[in-house]
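Okay, structure first, notes after.
Numbering (UniProt numbering), first residue to last: 1 to 389.
This is the structure in structure tokens:
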């Protein structure tokens, strides 16, 4: 009799699993159809406001987390919602390469340059830069490279720019100050560099690459008038290169919504970077997953990073980076009908309805947070992240 009862439980469990599996398949097919047919969903799967489902405490905690990220702090990444199946764990020298680059000025606003010793760019000049080594933090790598190539001790002031070509190549450009040491001369030439010198940016100098001119300009601009708060890496470990999104939609009368993931607890969406796309493509992945039929009618802008999180002490386990980014979803006011003709899009002042029940829009309640988000979306006063694809 016990065996019969146990057998019934097993059969019921198998049936329930099949039902859940089929429901998941049908949901995926539905979303794919919406993407390729550009249809409008007949049913709004989730209401625009999280207010009916999230408790007051959950909303408060979520807005506090966003406040912390806006101030340049970090936060543990507990879940990754998209992209893991297409992403490999970050491992220096295998799946990722991180470059640190120092922009350092003296009191005359001359920039520190080093003369290359490598055969393919022998005697040409470049900013102090190099690869992050196994077990290093980004700041440790920066100090080491400046010491080895220029003979000077330095202290990073802030990141001024991040450049990337997907998760496999990311360059972190720091503004830094000299704290000691002595300028490297030809007498100390080695395989790292021949010498270092201060460049007035006017005299002729054979450069290894003109790409550094933009980096120098970014450093000088930040030194003279910081466009964003000082931003240095937060010491938190990650296994993958991921983008955590504060994805906002702004409406009339200063209203702001943030896209959230419901399960297993209300949180900001996080997506892993994939090798075939820019790191910032993660934002597009999230929008396509949440509002597939509205994806083609909206622009997805990664405006920059509030902060980034990196540890790097355990090779292959903590080599990842988390970019905490601000992403704006804005309507494309011109759309096309079936004949390809342009049709003006009416203003609704509200975010597109989510079609995937995993997601929900939360209307920001805190006035201070709302004003900060509006200010940053308008002035983009955050660390720029540029894709070189």
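Each residue gets a CB set at the ideal place from its N, CA and C atoms; glycine is no exception.
Check for me: the alpha helix (DSSP H) holding residue i runs from which residue to which?
{"i": "residue 250", "result": "No alpha helix (DSSP H) contains residue 250, which is instead part of the beta strand (DSSP E) from 242-250."}
{"i": "residue 215", "result": "211-224"}
{"i": "residue 270", "result": "That residue, residue 270, is in no alpha helix (DSSP H); its beta strand (DSSP E) goes 270-272."}
{"i": "residue 171", "result": "Looking at the DSSP string, residue 171 is not in any alpha helix (DSSP H); the run it does join, the beta strand (DSSP E), is 170-181."}
How many angstroms separate the CA atom of residue i from the CA atom of residue j?
{"i": "residue 379", "j": "residue 291", "result": "26 Å"}
{"i": "residue 201", "j": "residue 111", "result": "7 Å"}
{"i": "residue 204", "j": "residue 124", "result": "12 Å"}
{"i": "residue 262", "j": "residue 180", "result": "51 Å"}
{"i": "residue 156", "j": "residue 132", "result": "15 Å"}
{"i": "residue 78", "j": "residue 212", "result": "37 Å"}
{"i": "residue 137", "j": "residue 144", "result": "11 Å"}
{"i": "residue 196", "j": "residue 127", "result": "10 Å"}
{"i": "residue 85", "j": "residue 275", "result": "12 Å"}
{"i": "residue 316", "j": "residue 254", "result": "44 Å"}
{"i": "residue 375", "j": "residue 158", "result": "21 Å"}
{"i": "residue 381", "j": "residue 221", "result": "13 Å"}
{"i": "residue 183", "j": "residue 152", "result": "6 Å"}
{"i": "residue 66", "j": "residue 246", "result": "7 Å"}
Checking 8 Å against the spacing of the C-beta atoms, do residue i and residue j come in under that value?
{"i": "residue 297", "j": "residue 351", "result": "no"}
{"i": "residue 306", "j": "residue 326", "result": "yes"}
{"i": "residue 210", "j": "residue 105", "result": "no"}
{"i": "residue 166", "j": "residue 277", "result": "yes"}
{"i": "residue 116", "j": "residue 208", "result": "yes"}
{"i": "residue 260", "j": "residue 69", "result": "no"}
{"i": "residue 250", "j": "residue 383", "result": "no"}
{"i": "residue 83", "j": "residue 272", "result": "yes"}
{"i": "residue 80", "j": "residue 242", "result": "yes"}
{"i": "residue 97", "j": "residue 169", "result": "yes"}
{"i": "residue 102", "j": "residue 172", "result": "no"}
{"i": "residue 318", "j": "residue 311", "result": "yes"}
Within the continuous beta strand (DSSP E) that includes residue i, where are the two ends?
{"i": "residue 284", "result": "Careful: residue 284 lies outside any beta strand (DSSP E), inside the alpha helix (DSSP H) at 281-290."}
{"i": "residue 399", "result": "Nothing about residue 399 can be read from this structure; the chain reaches only from 1 to 389."}
{"i": "residue 258", "result": "256-261"}
{"i": "residue 304", "result": "298-310"}
{"i": "residue 363", "result": "359-363"}
What did DSSP end up calling residue i once you bin it into helix, strand or coil?
{"i": "residue 92", "result": "strand"}
{"i": "residue 102", "result": "strand"}
{"i": "residue 373", "result": "helix"}
{"i": "residue 188", "result": "helix"}
{"i": "residue 382", "result": "coil"}
{"i": "residue 195", "result": "strand"}
{"i": "residue 203", "result": "coil"}
{"i": "residue 387", "result": "strand"}
{"i": "residue 313", "result": "coil"}
Inside the stretch 51-86 only - alpha helix (DSSP H) runs reaching at least 4 residues | 56-70
For the stretch 107-170, list the beta strand (DSSP E) runs that are entirely contained and at least 3 residues long, ordered along the chain.
-> 111-115, 129-131, 152-164
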